[in-house]
Each structure stands twice: as structure tokens, then as C-alpha cells.
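Colleague: Chains as they are written, first to last, in this note's numbering: chain A, 1 to 231; chain H, 1001 to 1231. Questions regarding the structure given below will be posed in turn.
Number of protein chains: 2
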Amino acid sequence: MDIGIIGSSTVAQTLATKLLELGHSVMISSRDTSLAKDRGDRGTLPSAADFAAGQRELGRRAAAGSFAQAAAHGEIVVNATAGGHSLEALEAAGAENLAGKILVDVANALDFSRGMPPTLLYCNTDSLAERIQAAFPAARVVKALNTATATVMVDPSQFGEATTMFVAGNDQAARDWVRSELLEGWFGWRQVLDLGDLTAARGLEMWLPLWLRLMGATGTAAFNLRIVTAG
Amino acid sequence: MDIGIIGSSTVAQTLATKLLELGHSVMISSRDTSLAKDRGDRGTLPSAADFAAGQRELGRRAAAGSFAQAAAHGEIVVNATAGGHSLEALEAAGAENLAGKILVDVANALDFSRGMPPTLLYCNTDSLAERIQAAFPAARVVKALNTATATVMVDPSQFGEATTMFVAGNDQAARDWVRSELLEGWFGWRQVLDLGDLTAARGLEMWLPLWLRLMGATGTAAFNLRIVTAG
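Encoded structure:
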């Protein structure tokens, strides 16, 4: 399948790598594809162009382009930008390139302007996913994968037991596709809960403040939650 | 031990029943101890006085009193009121009756005034637990148990596998006591994560919107999360 990824972050490159391994044609994107990202004490992330060139050397169908090119490339589109910049990046991607397509929103809108720990830009009565859906009414927005770190998103088998992933969105067929194809089929998730319409994205995004404290308590970002019911 | 419970809700009566079974002396409390609570289509909850009388008939050390009497009774105090009324109820309990004591805050401040689903009264940069700590600086507030329904709080063994509970608070000794005695020792929790200071209560309280959607998706309130790490 042709997949467009809005963004060239760690999350974008991790998702792209997995999708490329599965044989899909993937374009990642950024404002300037030649620009590597400084990730502070975690070093430097390859530029979108360097990432795509490296993947092509492995025989994979990778490309790097503008936000609009990636959105146009994709039969489905993934928003993997930093949440505080998502609306702006999607505006550059173009409503016409998103119309009718499933738009998987994996972003979290963290606000670092008030210091650490970050807070949320949208909360309680609103969410990033709902803002995106309102700004792009013809896109079929599905919130998913934002509740885990990138290496967990694409490799849920690392835990040795099934852990839980979620989908939420206003379009049932879009939710079903993300659950059964992208999450269960391609990435191997074994417990995906359908939380209903996109207002559920509020709860999924409000998981982040707890997630950050759990990273502190467990000493790793490679964790996930498993929902357990009695009986 | 002598335990004071602020409130006479389902949560208060469920916690009290478990603590009484364990042999403790427990006083639950309400504005009017003779008043039964209408729980809509779930029927009527016994009044605080009737609950205590029923427990005494079983030979247990139960009492019902005012918020102030319950707080004075307790060597430790539990806030089991509806979160929107907690500050008012604790004001009635009296700062002098809370000073120096561990105050376990199990409440969630849900706002039903905007219709269903409820939203949170405090969120993102604030939490009910922090409000309580600020209003009662001599109390040793520990947030715990608010992430699960009452029957799960006191019976984590119902899942057949360890699920996760949390503590947060500014007083390390108080957090340690709640973790090792109340949660692990008395209630049988086997995976309790210490999330550090009381700002972690934000994440614990922001779990509620997701919890409510999970109740819808799983069809039960008798569920919990388990935190799973790799390797």
C-alpha cells in the first residue's frame, strides 16, 4: 500500500521502517527534507532524505518529500508530528490531499513551555484528534498508537504477553481498518479495544501525563498497559 | 487501627467493610448519618448509621458520625467523598483533626454539569489531591486507589494475575506506609508503583476519562490495568 507519513521524527522513522519492512511504499516528510534533527543528548536523527536513501539501499520503497507530497502519496496518511505542530503541518499537507483518506493520528500535544514535566495543550473537553477532525472534516481521523513509545507501537510482541492498544474515531469503517489491518494484521497487536467516537481521544491523550510518570517509575519507555477484566 | 472515612458512598462503605473484616475500628461519616443515598437505577445505599449498625451486628467495630468525628477517630483518614465535594467535606472534618495524619485521597472530581460523559474539575496543571494538600498543609496526603472501582480497590486478587496500583504524595514515609501496609498488606496488591510527589496525582486523576471509555468497551467496571515492561 502507499502510505504517507506527516513528519520525520523518531516516531515517523520507526513507523516508516516497520511499514517498509512489510513491503509498503512509504513517504516520510518534513519542512526541509535535508535537515537532520537534533535530539539533544540522544544524538542526531537522520534527515528525512538520508533516512529514505538508507532504506532504498536496503531495497525498500522509501521516499522523502514535503508534507503535501507525502499526503498525496498516501492511500492512508499518518500524523507523526509533534502535537503542538500537527495542525500547521496538516494545513501544509493540504485538505485536498487528506479528503476521504484514513488519517491515523499518533501524536501527543505536549506543552514544554511551562517547563518539565510537560503539560497538555488540549485537555478534558478537547483533544488534538478532535481539533484535527474539525479542521479537516473530509478526513477520516482515527486516534491510535499515541499511548506507547515508538518501538512499542511497531513491536508489541516484545512483552511476552498481550498488552492493549486502542482506536477511536467517528468513522466505524476507518476504526475497523486501523484495528484489524494496521494494528492487528501489520503490527501484531493482539488486544485492540475500540473506544468509539473521537471524544475518546481525550482519555487517550490524557494518558500521557501518567505515562511520563510511569516512565520515571519503571526506568524505561518500553512499557505498556494491559487491560485485565475479572472472570 | 482506628480509621476515619470521610464519606458514606459506595466507595466509603466498600472500603469500610474490608477494613472492618480485617479487624480495624472504622467510622464512616456524612452530613446526616440517618440519610440513605439514592443511587438512581442502582437502588438505595444504606445510610451511614444503618451501615454501621449492620456491621456491628456482625461483631465488627463500626461507627457512623460527622465528618469531624470520623477525622478525629482516625489514626489514618480516607477521603472517599465525591471529588466535587471533597474540599467542603474536609473543611467540615477540620484541619486540626487531619494534622499530622496520613490522608488517603481516593476521590475523583468528576463534573457532571456539562452532561455525559463527565469531565474533570481539575486537570492538566492541577489535581484534586494537590488542592487538598494545599488546603490542609499539615495533612500527609497520598493519592491512591482512585484508578479502580471500589470492588477492585479491596479485592485485587479477582483478576487471577497481578494488576497495578499507584501511590503519589509529597511525604515519602506516608507513601511507603500506604504502599506496604494498606495496599500490599491489607488489600493484597502485588504491583504497587510509587510515582513520587503529588503532582503525579494529575496523571492518576486524568486516567478517569479513559477509564470511563474502557468501562464502555469492556462492559464492566471490574477491570484494571497492568503495567508491563519488556524483558
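Ideal placement from N, C-alpha and C gives every residue a C-beta, glycine not left out.
#1: For aspartate 1038 of chain H, which beta-bridge partners are listed by DSSP?
#2: Output needed for glutamine 1055 of chain H: all residues of its chain with C-beta closer than 6 Å, excluding positions within five of it in sequence on either side, in chain order.
#3: Whole angstroms are fine: how far does the CA of aspartate 194 of chain A sit from the CA of arginine 1140 of chain H?
#4: Is the beta carbon of serine 1008 of chain H sitting closer than 8 Å to the one on alanine 1048 of chain H?
#5: From which residue to which residue does the beta strand (DSSP E) around valine 142 of chain A run?
#6: Pick from A:Leu225, A:His24, A:Gln172: whose alpha carbon is nearest that of lysine 143 of chain A?
#7: Would you call leucine 98 of chain A buried or exposed, if buried means 16 or more other Cβ atoms sit within 10 Å of its Cβ?
#8: If contact is defined by three or more beta carbon pairs under 8 Å, each pair taking one atom from either stretch, is the stretch 1031-1046 of chain H in contact with the stretch 198-210 of chain A?
#9: Output needed in chain order: residues of the stretch 1097-1112 of chain H with a Cβ under 7 Å from some Cβ in chain A.
#10: Of the residues A:Leu212, A:Pro137, A:Ile102, A:Ser157, which one's Cα is nearest the Cα of alanine 174 of chain A?
#11: State the Cα-Cα distance for the pair isoleucine 1006 of chain H and alanine 1012 of chain H, rounded to the nearest angstrom.
#12: Verify the CB distance criterion: does alanine 1222 of chain H have a CB-CB separation below 8 Å to chain A?
#13: From the DSSP secondary-structure annotation, give me the bridge partner or partners of aspartate 1194 of chain H.
#14: Between the Cα of glutamate 130 of chain A and the Cα atoms of A:Asp105, A:Met27, A:Leu145, A:Ala52, which residue gives the shortest distance?
#15: Using a Cβ-Cβ distance under 8 Å, would tryptophan 207 of chain A count as near chain H?
#16: May I have the straight-line CA-CA distance separating alanine 1230 of chain H from threonine 220 of chain A, to the nearest angstrom?
#17: Closer than 7 Å by beta-carbon distance: list the chain A residues that pair up with arginine 1202 of chain H, in chain order.
#18: Comparing the C-beta of alanine 1217 of chain H with each C-beta of chain A, is any distance below 8 Å?
#19: How about alanine 1070 of chain H: is its C-beta nearer than 8 Å to some C-beta of chain A?
#20: Taking C-alpha atoms, which residue in H:Trp1207, H:Phe1223, H:Val1078, H:His1024 lies nearest to glycine 1123 of chain H?
#21: What does the Cβ neighbour count give for leucine 35 of chain A, buried or exposed, with the cut at 16 atoms within 10 Å?
#22: On the CB-based measure, 16 or more other CB atoms within 10 Å of its CB, does proline 1156 of chain H come out buried or exposed?
#23: Check whether the Cβ atoms of serine 25 of chain A and aspartate 50 of chain A sit closer than 8 Å, and answer yes or no.
#24: Which chain A residues are close to leucine 1120 of chain H, counting only those with a beta carbon under 8 Å from its beta carbon?
#25: Relative to chain A, which residues along the stretch 1146-1172 of chain H have a C-beta separation below 7 Å, given in chain order?
#26: Give the residues of chain H in contact with aspartate 194 of chain A, contact being defined as C-beta atoms less than 7 Å apart.
#27: With DSSP collapsed to three states, give me the class of aspartate 32 of chain A.
#28: Can you give me the Cβ contacts of arginine 1179 of chain H inside the same chain, cut-off strictly under 7 Å, excluding the 5 residues immediately before and after it?
#29: In chain order, which continuous runs of the beta strand (DSSP E) of length 3 or greater are located wholly inside the stretch 106-144 of chain A?
Modeller: Let me spell this out:
#1: H:Thr1044
#2: Leu1020, Ala1062
#3: 39 Å
#4: yes
#5: 140-144
#6: A:Gln172
#7: buried
#8: no
#9: none
#10: A:Ile102
#11: 8 Å
#12: yes
#13: H:Val1167
#14: A:Asp105
#15: yes
#16: 9 Å
#17: Pro209
#18: yes
#19: no
#20: Contrary to the premise, residue 1123 of chain H reads as cysteine rather than glycine in this sequence. For the residues H:Trp1207, H:Phe1223, H:Val1078, H:His1024, the minimum Cα distance to cysteine 1123 of chain H belongs to H:Trp1207.
#21: exposed
#22: buried
#23: no
#24: Asn124
#25: Gln1158, Phe1159, Glu1161, Thr1163
#26: Ala1217
#27: coil
#28: Val1167, Val1192, Asp1194
#29: 140-144
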